[in-house]
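Trainee:
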Amino acid sequence: MNIYDIAREANVSIATVSRVLNGNGSVRDITRQRVEQVLNKYHYVPSAIARGMVTNSMKTIGVVSIDIRNLYYANVSYSIEQALRVLGFSTILCNTGYDTEQKLSYLKMLTEKKVDSIILIGSIFKDPKLNKPIKEISKSIPIIIINGYYGYPNTYSIQYEDAEALEKSVDYLVSRGRKKFLYLYDADTFSGNQKLLGFKNSVKKHDLKFDIRFIPPGIDHAYREMCELINQGSFFDAVLTSEDITAIGALQCLLEKNIRVPEEVSVMGYNNSILSLCCTPRLSTVDSLSEEMGKTAVSVLCRILSGEKVEASVKIGAKIVLRQSA
Numbered sequence: 009m010n011i012y013d014i015a016r017e018a019n020v021s022i023a024t025v026s027r028v029l030n031g032n033g034s035v036r037d038i039t040r041q042r043v044e045q046v047l048n049k050y051h052y053v054p055s056a057i058a059r060g061m062v063t064n065s066m067k068t069i070g071v072v073s074i075d076i077r078n079l080y081y082a083n084v085s086y087s088i089e090q091a092l093r094v095l096g097f098s099t100i101l102c103n104t105g106y107d108t109e110q111k112l113s114y115l116k117m118l119t120e121k122k123v124d125s126i127i128l129i130g131s132i133f134k135d136p137k138l139n140k141p142i143k144e145i146s147k148s149i150p151i152i153i154i155n156g157y158y159g160y161p162n163t164y165s166i167q168y169e170d171a172e173a174l175e176k177s178v179d180y181l182v183s184r185g186r187k188k189f190l191y192l193y194d195a196d197t198f199s200g201n202q203k204l205l206g207f208k209n210s211v212k213k214h215d216l217k218f219d220i221r222f223i224p225p226g227i228d229h230a231y232r233e234m235c236e237l238i239n240q241g242s243f244f245d246a247v248l249t250s251e252d253i254t255a256i257g258a259l260q261c262l263l264e265k266n267i268r269v270p271e272e273v274s275v276m277g278y279n280n281s282i283l284s285l286c287c288t289p290r291l292s293t294v295d296s297l298s299e300e301m302g303k304t305a306v307s308v309l310c311r312i313l314s315g316e317k318v319e320a321s322v323k324i325g326a327k328i329v330l331r332q333s334a
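Residues in the sequence shown are numbered from 9 upward in steps of one, following the working numbering.
(1) When you compare the CB positions of Y164 and I324, do they come within less than 8 Å of one another, or not?
(2) I want to know whether the region 317 to 334 touches the region 102 to 113 - three or more CB-CB distances under 8 Å.
(3) If I'm right that D179 touches S250 with Cβ under 8 Å, what's the distance once you round it to whole angstroms?
(4) Label N139 either buried or exposed according to how many other C-beta atoms from any shown protein chain fall within 10 Å of its C-beta, with 16 as the threshold for buried.
(5) Looking only at C-alpha atoms, which of N239, I223 and K176 sits nearest to K213?
(6) Can you look up G302 in the DSSP assignment and give me helix, strand or coil?
(7) Ignore the nearest five residues each way along the sequence and tell me which others in S125's own chain have a CB closer than 8 Å to its CB.
(8) Confirm, please, whether the CB-CB distance from A171 to L205 is below 8 Å.
(9) Spatial neighbours of Q202 within its chain, please: C-beta separation below 7 Å, excluding the five flanking residues on both sides.
(10) Between which two residues does the beta strand (DSSP E) holding V329 run?
(11) Does the beta-carbon of T108 have 16 or more other beta-carbons within 10 angstroms, so that it is buried, or is it exposed?
(12) Provide the residue span of the alpha helix (DSSP H) that contains K49, from first to last.
(13) For the region 222 to 232 against the region 184 to 191, do three or more pairs of beta-carbon atoms, one drawn from each stretch, fall closer than 8 Å, so that the two count as touching?
(14) Over what stretch of residues does the beta strand (DSSP E) that includes L4 continue unbroken?
(15) For A320 versus I166, is the C-beta spacing smaller than 8 Å?
(16) With C-beta atoms as the reference, is S296 less than 8 Å away from Y80?
(17) Can you grab the Cα-Cα spacing for the pair D252 / P270, in whole Å?
(18) State the beta-bridge partners of D339 as determined by DSSP.
(19) Can you give me the start and stop residues for the beta strand (DSSP E) that L101 sits inside?
(20) For L237, does the three-state DSSP call read helix, strand or coil?
(21) Since L181 and A246 are thought to touch, with beta carbons under 8 Å apart, how far apart are those beta carbons, to the nearest angstrom?
(22) Measuring alpha carbon to alpha carbon, tell me which residue in R42, V35, I100 and D37 is nearest M66.
(23) T197 by DSSP, collapsed to three states: which one?
(24) Can you tell me the Cβ-Cβ gap for T293 and Y278, rounded? I've got them flagged as a contact below 8 Å.
(25) Within this structure, are the beta carbons of I154 and L128 separated by less than 8 Å?
(26) Taking G70 as part of the beta strand (DSSP E), name the residues at either end of that continuous run.
(27) Which same chain residues, not among the five before or five after A82, have their C-beta less than 6 Å away from its C-beta?
(28) In angstroms, rounded to a whole number, what distance separates the CA positions of D135 and Q332?
(29) Between the alpha carbons of Y21 and G130, how many angstroms are there, rounded?
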């Protein structure tokens, strides 16, 4: 039982529970009583993090992303920062770019600032060059990685079921009569490889014809790859991608070639970003539940700093959003 569970059962916000625990802020008597009833029911002893009164703590969490301009990273970062703020913690947000030395530099800076924990956003941080530094840092503070896994003591993982998501996507398109599949992906990372594994497993299960292309990130690269395949005479009736932005590039090419979507070719993206609503036809996609991933990371961190025993890996199930393109 943690502060999130208390808030859910009392039907109030986490901020309200925090104010009741701290004994400050404007809370109506009837609301305070309802929260206190739930607290008493479960004999809840508020953790230091829930009170925001951590002894010998800087009350600061480091959140590290490679590029906050990426919509997925932006949404996860925002949900983490908002959840931490409610708990009385400040956030240091770092954008490392793709350079390993820059990543190491930010990790060193955060440890020197004596943050209480570091949350890494994205499987790109599952980098062999970072393994030793991560292992050393985790001896002092907990490290949480979103969509990756280290396996060291005091490291924790929040993983989206990427393989399951691609399997579900293929299964759905097969149910719609699709028989020849193209998969475009742009990241050789832990998450990227899980997506690829899910795609391969499903097309083989259904004994489908398929092609896989690894391309650089971005609309233009996806557009050019799709057009090149069509110009070569390749035929696909289903296109799946590892990112919404990749799907949109492929979609642009198909429409320019007067190929009807979804009548002739189904297209599915990944992440359920705002971009999936800004194209015509609107994009069917996998919802990567970025907000839930961020909140789950903070919930796990709350339990860790409370001294609870926490499972090393938490997995979040896949969800598909069907719109017009498939």
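Cβ coordinates follow ideal geometry from the N, Cα and C atoms, glycine included.
Mentor: According to the structure data:
(1) As a position in the sequence shown, residue 164 is number 156, starting the count at 1. As a position in the sequence shown, residue 324 is number 316, starting the count at 1. No, the pair does not count as a contact, with Cβ atoms beyond the cut-off.
(2) With the cut-off at 8 Å, the region 317 to 334 and the region 102 to 113 do not touch.
(3) By one-based count along the sequence shown, residue 179 stands at place 171. By one-based count along the sequence shown, residue 250 stands at place 242. Cβ-Cβ separation between D179 and S250: approximately 17 Å, too far for a contact (criterion under 8 Å).
(4) Counting from 1 along the sequence shown, the entry for residue 139 is found at position 131. Exposed, because fewer than 16 other Cβ atoms sit within 10 Å of the Cβ of N139.
(5) Indexing the sequence shown from 1 puts residue 213 at position 205. When only C-alpha atoms are compared, the closest one is K176.
(6) Sequence index remark: in the sequence shown, residue 302 carries index 294 (1-based). Taken through DSSP and simplified to helix, strand or coil, G302 comes out as helix.
(7) Taking the sequence shown and counting its residues from 1, the one referred to as residue 125 is at position 117. Taken in chain order, the residues that qualify are I69, G70, I149, P150, I151, I152, L309, I312 and L313.
(8) Numbered from 1 along the sequence shown, position 197 holds the residue referred to as residue 205. Numbered from 1 along the sequence shown, position 163 holds the residue referred to as residue 171. Yes, Cβ-Cβ distance for L205 and A171 is below 8 Å.
(9) Your numbering for residue 202 matches position 194 in the sequence shown. Within the same chain, Q202 has close Cβ partners D170 and A171.
(10) Along the sequence shown, one-based indexing puts residue 329 at 321. Counting along the chain, V329 sits inside the beta strand (DSSP E) bounded by residues K327 to V329.
(11) Stepping through the sequence shown from its first residue, residue 108 is reached at position 100. Counting Cβ neighbours within 10 Å, T108 comes out exposed, since fewer than 16 surround it.
(12) Translated into positions along the sequence shown, residue 49 becomes position 41. Per DSSP, K49 belongs to the alpha helix (DSSP H) from D37 to K49.
(13) As far as the Cβ criterion goes, the region 222 to 232 does not touch the region 184 to 191, which means the pair count is below three.
(14) Residue 4 is absent from the structure shown; the chain starts at 9 and stops at 334.
(15) Here the question's residue 320 lines up with position 312 in the sequence shown. Here the question's residue 166 lines up with position 158 in the sequence shown. Not a contact, by the Cβ cut-off of 8 Å.
(16) Taking the first residue of the sequence shown as position 1, residue 296 is located at position 288. Taking the first residue of the sequence shown as position 1, residue 80 is located at position 72. With contacts defined as CB atoms closer than 8 Å, S296 and Y80 qualify as a contacting pair.
(17) Sequence index remark: in the sequence shown, residue 252 carries index 244 (1-based). Sequence index remark: in the sequence shown, residue 270 carries index 262 (1-based). D252 and P270: Cα-Cα distance of roughly 16 Å.
(18) In the structure as shown, the chain starts at 9 and stops at 334, and residue 339 therefore has no counterpart that could be examined.
(19) Looking up residue 101 in the sequence shown gives position 93. In the DSSP assignment, L101 falls within the unbroken beta strand (DSSP E) covering S98 to N103.
(20) Residue 237 sits at position 229 when you count from the first residue of the sequence shown. DSSP, reduced to helix, strand and coil, places L237 within a helical segment of the structure shown.
(21) Locating residue 181 in the sequence shown gives position 173, where the first residue counts as 1. Locating residue 246 in the sequence shown gives position 238, where the first residue counts as 1. Indeed they touch by this definition, with Cβ atoms about 5 Å apart.
(22) The count along the sequence shown starts at 1 and reaches residue 66 at position 58. When each option's Cα is compared against that of M66, the closest is I100.
(23) Counted from its first residue, the sequence shown places residue 197 at position 189. Note: T197 maps to coil in three-state DSSP.
(24) Residue mapping note: residue 293 aligns to position 285 of the sequence shown, counting from 1. Residue mapping note: residue 278 aligns to position 270 of the sequence shown, counting from 1. In this structure T293 touches Y278 by the C-beta definition: roughly 6 Å separates them, less than 8 Å.
(25) As a working note, residue 154 is residue 146 in the sequence shown. As a working note, residue 128 is residue 120 in the sequence shown. Yes, they are a contact pair.
(26) Working through the sequence shown from its first residue, we reach residue 70 at position 62. Start and end: T68 to S73.
(27) Indexing the sequence shown from 1 puts residue 82 at position 74. I76.
(28) The residue labelled residue 135 in the question sits at position 127 within the sequence shown. The residue labelled residue 332 in the question sits at position 324 within the sequence shown. Using only the alpha carbons, I get a separation of about 37 Å.
(29) If you number the sequence shown from 1, residue 21 lands on position 13. If you number the sequence shown from 1, residue 130 lands on position 122. Note on residue identity: the sequence assigns Ser, not Tyr, to residue 21. Straight-line spacing of the CA atoms in S21 and G130 works out to 28 Å.
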